[in-house]
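**Q** Here the sequence shown stands for residues 1 to 263, where the numbers follow UniProt numbering.
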Amino acid sequence: MLAFASNSLLCRIALRDTSIDAASFTSIRLASGALVLWILLRSRGRQPLAAGSWPMAAMLFAYAVCFSFAYRDLTAATGALLLFGAVQLTMTAYGLFSGERLRGLRLVGVLVAIAGLLWLLLPGLSAPPALAAGLMLASGIAWGIYSLLGRGAGDPTAATGGNFIRAVPFAAILSLAVATQAQPDQTGLIYAVASGAVTSGLGYVLWYAALPALSATSAATIQLCVPAIAALGGVVLLAEPITARLLFASAAILGGIALTIRK
1 MLAFASNSLL CRIALRDTSI DAASFTSIRL ASGALVLWIL LRSRGRQPLA
51 AGSWPMAAML FAYAVCFSFA YRDLTAATGA LLLFGAVQLT MTAYGLFSGE
101 RLRGLRLVGV LVAIAGLLWL LLPGLSAPPA LAAGLMLASG IAWGIYSLLG
151 RGAGDPTAAT GGNFIRAVPF AAILSLAVAT QAQPDQTGLI YAVASGAVTS
201 GLGYVLWYAA LPALSATSAA TIQLCVPAIA ALGGVVLLAE PITARLLFAS
251 AAILGGIALT IRK
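#1: Looking only at C-alpha atoms, which of 104, 115, 147 sits nearest to residue 58?
#2: Do residue 10 and residue 199 have their beta-carbon atoms positioned less than 8 Å apart in this structure?
#3: Leaving out five residues before and five after residue 26 in sequence, what residues of the same chain have Cβ atoms less than 7 Å from its Cβ?
#4: Since residue 225 is in the alpha helix (DSSP H), which residue starts that stretch and which ends it?
#5: I'd like the span of the alpha helix (DSSP H) that includes residue 92, first residue to last.
#6: Whose CA, out of 185, 208, 60, lies closest to the CA of residue 20?
#7: From this set, 201, 257, 183, which residue's C-alpha is nearest residue 30's C-alpha?
#8: Could you check the C-alpha separation between residue 100 and residue 258 for me, to the nearest Å?
#9: Could you pull out every residue in the same chain whose Cβ sits closer than 6 Å to the Cβ of residue 223, ignoring the five residues on either side in sequence?
#10: Are there three or more Cβ pairs, one per stretch, closer than 8 Å when the region 30 to 42 is compared with the region 187 to 196?
#11: Consult DSSP for residue 59 and reduce its assignment to one of helix, strand or coil.
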């Protein structure tokens, strides 16, 4: 969860404080993650494309590109809250569809968390920009699908490496499409590489390793601690403000987590 929160912070600071564009950040992030994981797999004598799948790679790319473009206009905390709120809705919906049942306090918790997410999106002076919010919600849906597909993907390192490598062609097409608008920036490049190689590639390996022990609903709600970490990092590292709306919405969503995962 620390790695996921760091992705929000790295992306936001890169797009806010450097001249790198969202498409370049996405492509470098995916390519650097793929390179690190390829080296890791080859050092173990594994075939880099032996695991993972093209559908998972497509969801990984969709998550990454929507994530980057959304963070042009969102704070780290708001973006993380929208992202993992959408993840929760996606994975919880799948859990219900596949036969999981929510009763008592677990049901109340999910409803409270959803209410907090809706409160955050209500129109008003402190509401996030609609397009950026929509992109981040789409990113969360893609990440939720990616996580669900990853529960049966086998070895986490091999699956993550295969998915990152397969996502590189998607990133290359994106880079070619916006080549005339690309804005290379050395500091932004460093942030993108850190996001791809460390907090994405290696962070997702850890997440994959944990997924088999979690139900779809529990996996979705546990991820919602990320906005709290991102909000703290945004205040301390990026000097971002915490609005009353964000505070109340976070309290509702995180309170919903406590109810949902409570025995």
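From the three backbone atoms N, C-alpha and C, an ideal C-beta is built for every residue, glycine too. The structure presented is a predicted model; accordingly, all values stated were derived computationally and were not measured.
**A** Reading off the structure:
#1: On the sequence shown, residue 58 is found 58 positions in, with the first residue counted as 1. Taking the Cα of residue 58 as reference, the smallest distance to any Cα among 104, 115, 147 is reached at 147.
#2: As a position in the sequence shown, residue 199 is number 199, starting the count at 1. As a position in the sequence shown, residue 10 is number 10, starting the count at 1. In terms of Cβ geometry, residue 199 and residue 10 form a close pair [threshold 8 Å].
#3: To locate residue 26, count along the sequence shown from 1; it is residue 26. Cβ neighbours of residue 26 beyond the five flanking positions: 64, 65, 68, 171, 174.
#4: On the sequence shown, residue 225 is found 225 positions in, with the first residue counted as 1. Element bounds for residue 225: n/a, residue is neither H nor E.
#5: What you label residue 92 is simply residue 92 of the sequence shown in a count that begins at 1. From DSSP, the alpha helix (DSSP H) with residue 92 extends over 76 to 97.
#6: Looking up residue 20 in the sequence shown gives position 20. The shortest C-alpha separation from residue 20 is found at 185.
#7: Sequence index remark: in the sequence shown, residue 30 carries index 30 (1-based). With respect to the C-alpha of residue 30, the residue from 201, 257, 183 having the closest C-alpha is 201.
#8: Within the sequence shown, the letter at position 100 stands for residue 100. Within the sequence shown, the letter at position 258 stands for residue 258. Distance from the CA of residue 100 to the CA of residue 258, rounded to the nearest whole angstrom, comes to 18 Å.
#9: For the purposes of this step, residue 223 is taken as residue 223 along the sequence shown, with counting starting at 1. Closer than 6 Å at Cβ, skipping near neighbours: 84, 87.
#10: Yes, since at least three Cβ pairs between the region 30 to 42 and the region 187 to 196 fall closer than 8 Å, the two stretches touch.
#11: Position 59 of the sequence shown holds residue 59. Three-state result, residue 59: helix.
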